[in-house]
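Here's the structure, in structure tokens; my notes come after.
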Amino acid sequence: MSLRPADLTLLTTSIILEQQDKWQGLSLPPTGLDLSLSSQLASSNHKQCFGSISPKYYPRMAATYRLAGVLLLDAFGGQDYSPSTYFKLFRFHQALLYNTVFTHLAKRNLSRARPDGSDEQSFFSGHTSTVFATSTFLYLELRDYFSNAAATGKLPLLSEQQWRLLSATALFGWASYVGYARVHDRKHYPTDVISGALSGALISYFVYPHQRRSPYSHSSKWQFHAGFDPMGAQMSISF
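Going by the working numbering, the sequence shown runs without a break in its numbering and finishes at 364.
Next up, the structure:
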């Protein structure tokens, strides 16, 4: 498995970001609309919303723990997951990594004081970019699942469009609540949240392996194997 130019660029950017001092970049003051909306939405009692919990929990449950579960079931449970299952999971982690790097790139090069004055890394919201990256990837997965299930007549209870609407409402409803919570808790301005949402959603959309351009065909050389033999555990990935 070889690194692509995009991966090398990402790795180089990550190294540069770790060596770069904070707030070296351009000053980006809040807009008048930011100040007006923040004054209306921000909390006065300094109690944080549930949406302001660590942004790591959501993607960990959706991607990291899920990958670990698939590997364990493949190794111990006799499940034979298709290569596309692993490919999507690795792409999921790739989208989250890209989102993290891009978010930190913005925070380190665009200086904006938070509404509560705690630091100058308000632009843009890492919580919001992470939750929208996660929700977008999950929605695209569910969209394809519902489409395939409908084509084979295995979609229960609701129609394909109804299932898609239900999943979009749940996933993006939660993501929107997180964005609102960051404004309510005086950690971000509305434009920080909107920018983070767009960034996270677009990254996942472009990283996601859409069915119309899926690399899997009968001639695909992608193979994944995980299991145990007398010599111990083994896992291999090949293209």
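Ideal Cβ positions, reconstructed from N, Cα and C, are used throughout, including at glycine.
What is the rounded straight-line gap between the Cα of residue i and the Cα of residue j?
i, j, result
"Tyr305", "Leu291", "21 angstroms"
"Asp244", "Ser301", "24 angstroms"
"Ser71", "Leu263", "The requested residue 71 does not occur in the structure, where the chain is confined to residues 126 to 364."
"Thr259", "Glu266", "11 angstroms"
"Asn224", "Leu162", "26 angstroms"
"Ala200", "His313", "44 angstroms"
"Arg307", "Val332", "26 angstroms"
"Asp310", "Asn170", "9 angstroms"
"Ile328", "Gly321", "11 angstroms"
"Tyr183", "Thr156", "30 angstroms"
"Gln173", "Asp241", "12 angstroms"
"Arg289", "Arg268", "6 angstroms"
"Phe274", "Pro334", "It should be noted that the sequence gives Ala, not Phe, for residue 274. Looking at the two C-alpha atoms, the distance is approximately 18 angstroms."
"Pro315", "Leu160", "9 angstroms"
"Leu158", "Leu197", "50 angstroms"
Does DSSP put residue i in a helix, a strand or coil?
i, result
"Leu153", "coil"
"Gln287", "helix"
"Leu265", "helix"
"Gln165", "helix"
"Arg239", "coil"
"Gln173", "coil"
"Leu282", "coil"
"Ala358", "With a pLDDT of only 42 at Ala358, under 50, the local geometry of the prediction cannot be trusted, and the value read off the model is given with reservation. Here Ala358 sits in strand by DSSP."
Report the option in the options whose CA atom is closest to the CA atom of residue i.
i, options, result
"Phe297", "Ser254, Phe331, Pro315", "Ser254"
"Ser324", "His335, Leu222, Tyr270", "Leu222"
"Gln286", "Leu230, Tyr211, Phe271, Thr277", "Phe271"
Taking residue i and residue j to be in contact with their CB atoms under 8 angstroms, please state how far apart those CB atoms are, rounded to whole angstroms.
i, j, result
"Val256", "Val226", "Wrong, their Cβ atoms sit about 17 angstroms apart, outside the cutoff."
"Tyr330", "Thr261", "6 angstroms"
"Leu235", "Phe248", "5 angstroms"
"Ser164", "His252", "Not really, about 21 angstroms apart at Cβ, beyond 8 angstroms."
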